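Residue numbers (my numbering), protein chains in the order written: chain A, 1 to 260; chain B, 1001 to 1113. Heads up, the beta-carbon is just placed ideally off N, CA and C, and yes, glycines get one too. Being a predicted model, the structure only gives us computed values, none of them experimental.
Shown next, in the form of structure tokens:
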């Protein structure tokens, strides 16, 4: 699938085929996509635990579920629990940016050297950052980007996916999660029972309300030619609700015995 | 206690019917009598009428009077619902559907379930 189409076809899928397993190679591809994401200081805080729903004891599964999100977890055969490992910075002490120097990604042309990492980056930037209460903010930003790459890979592989919250205490106990990992969300993965369009692209706030040019309050002008180009590339698709969406949802609810 | 008058006349059941109509068009409660029958049976089982059942799921803050969902009561209702489904002897999709009829009623009345 073309990149633009993958972006366009992504939806939060909430109706999965509960009986159709997901191939292991597709799960690996999701993880591989996460691993190559852009990451500040090459730190790679994201950790993921792949869990197969049917291998989890029923009692544990019940404990992991939260209201509302629980239905999605019940239907999706694979759950990828995402966490931030905050100990990375303290453990590596600047080793990761040095790797980027070694491979020519960070260079003296842009102010980088081993000594710069040892004298400034580690003691004056990374160490204080890792001790700051604000530390999880950039970590969450980076992990969101990495996780999204995995999410898009799922759709590239013909799967559907949806982020949900989960019972973090139950997960910690069930999956031996270290104390210093911060829970994010779980990616529920499976084959969609919904149509590929899943009712159309979801409503979003107007472009001009979100993005600015030069200063806040001056909207970034949206060029209709670009919009048309992205429509032709299937990135911008027909907006929800598509005709027949409610009927589709009702039929799926009945088929799966879910509330109407 | 339980259901003391026609179940359709309870405020929460009217709200359920209205919300279902808005969601799906038509008259889902009339089209699928199972829905009301299940709710009736569940209400009898827990000794509450539909309005009491909804009210039971919420508490009010003493300071502000603000209504909020009670986690403990929600868990109690979920547990009762599990017992109700188990007692029905149904399994698989039929059991799930039975549970879903009550969950639908609660959901359309704003209860986190």
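Listed in chain order, which residues of the segment 240–251 of chain A have Cβ atoms closer than 8 Å to some Cβ of chain B?
246 and 250
So the candidates are B:1039, B:1060 and B:1062; which of them puts its Cα closest to the Cα of residue 1051 of chain B?
B:1039
Does any C-beta atom of chain A lie closer than 8 Å to the C-beta of residue 1059 of chain B?
no
Answer with yes or no whether the minimum CB distance from residue 1067 of chain B to chain A is below 8 Å.
no
So what does DSSP say about residue 41 of chain A, is it helix, strand or coil?
helix
In chain B, what lies closer than 7 Å to residue 258 of chain A by C-beta?
1100
With a cut-off of 8 Å, does the C-beta of residue 1016 of chain B fall near any C-beta of chain A?
no
Would you kindly work out how many angstroms separate the C-alpha atoms of residue 255 of chain A and residue 243 of chain A, rounded to a whole number?
20 Å
Which residue marks the beginning of the beta strand (DSSP E) containing residue 1069 of chain B, and which one marks its end?
1067–1069
Check each residue of the segment 61–82 of chain A: if its Cβ is closer than 8 Å to any Cβ of chain B, include it; give the result in chain order.
67 and 68
Go ahead and label residue 160 of chain A buried or exposed: buried means 16 or more other beta carbons lie within 10 angstroms of its beta carbon, across all protein chains shown.
buried
Measure the alpha-carbon distance for residue 168 of chain A versus residue 31 of chain A and round it to whole angstroms.
21 Å
Could you tell me which residues DSSP pairs with residue 158 of chain A in its beta bridges?
Paired residues: none, contrary to the question.
How far does the beta strand (DSSP E) with residue 244 of chain A in it reach, from first residue to last?
Counting along the chain, residue 244 of chain A falls outside any beta strand (DSSP E), and DSSP gives it neither H nor E.
Neighbourhood of residue 101 of chain A by C-beta distance below 8 Å, restricted to the same chain and skipping five residues each side:
107, 112, 113, 114 and 117
Does the pairing of the segment 36–47 of chain A with the segment 210–220 of chain A give three or more beta-carbon distances under 8 Å?
no
Just by C-beta distance, which residues in the segment 1022–1050 of chain B are closer than 9 Å to chain A?
1023, 1024, 1025, 1028, 1032 and 1035
Provide the residue(s) that pair with residue 164 of chain A in DSSP beta bridges, ordered along the chain.
A:186
So, for residue 48 of chain A: in the same chain, excluding its five sequence neighbours on each side, which residues have a beta-carbon less than 7 Å away from its beta-carbon?
31, 34, 80, 81 and 82
Distance cutoff 8 Å, beta carbons only. Does residue 1113 of chain B sit that close to anything in chain A?
yes
Is there a Cβ of chain A sitting closer than 8 Å to that of residue 1081 of chain B, yes or no?
no
Extent of the continuous beta strand (DSSP E) to which residue 1051 of chain B belongs:
Not the beta strand (DSSP E): residue 1051 of chain B falls in the alpha helix (DSSP H), residues 1050–1056.
Please go through the same chain and pick out, in chain order, the residues whose beta-carbon is closer than 7 Å to the beta-carbon of residue 1072 of chain B, but skip the five residues on each side of it.
none
What residues from chain A crowd round residue 1104 of chain B, counting only those whose CB sits closer than 8 Å?
259 and 260
Using 8 Å as the threshold, is the C-beta distance between residue 86 of chain A and residue 182 of chain A below it?
yes
For residue 69 of chain A and residue 1110 of chain B, what's the separation of their Cα atoms in angstroms?
16 Å
Taking the alpha-carbon of residue 1042 of chain B as reference, which of B:1090, B:1023, B:1083 and B:1091 has the nearest alpha-carbon?
B:1083
Taking buried to mean at least 16 other C-beta atoms within 10 Å of its own C-beta, is residue 1010 of chain B buried or exposed?
buried
Residue 206 of chain A versus residue 103 of chain A - alpha carbon distance
42 Å
So if DSSP puts residue 80 of chain A in a beta bridge, which residue, or which two residues, is it bridged to?
A:50 and A:187
Kindly say whether residue 1063 of chain B, judged by its beta-carbon, lies nearer than 8 Å to any beta-carbon of chain A.
no
Where residue 262 of chain A falls, given that 16 or more other Cβ within 10 Å makes a residue buried:
A query on residue 262 of chain A cannot be resolved here, the shown segment of chain A reaching from 1 to 260 and no further.
Using CA atoms only, rank isn't needed, just tell me which of A:245, A:232 and A:78 is closest to residue 24 of chain A.
A:78
Roughly how many angstroms separate the alpha carbons of residue 232 of chain A and residue 226 of chain A, rounded to a whole number?
10 Å
Can you tell me where the beta strand (DSSP E) with residue 1092 of chain B in it begins and where it stops?
Where residue 1092 of chain B is concerned, there is no enclosing beta strand (DSSP E), although the alpha helix (DSSP H) it sits in stretches over 1092–1108.
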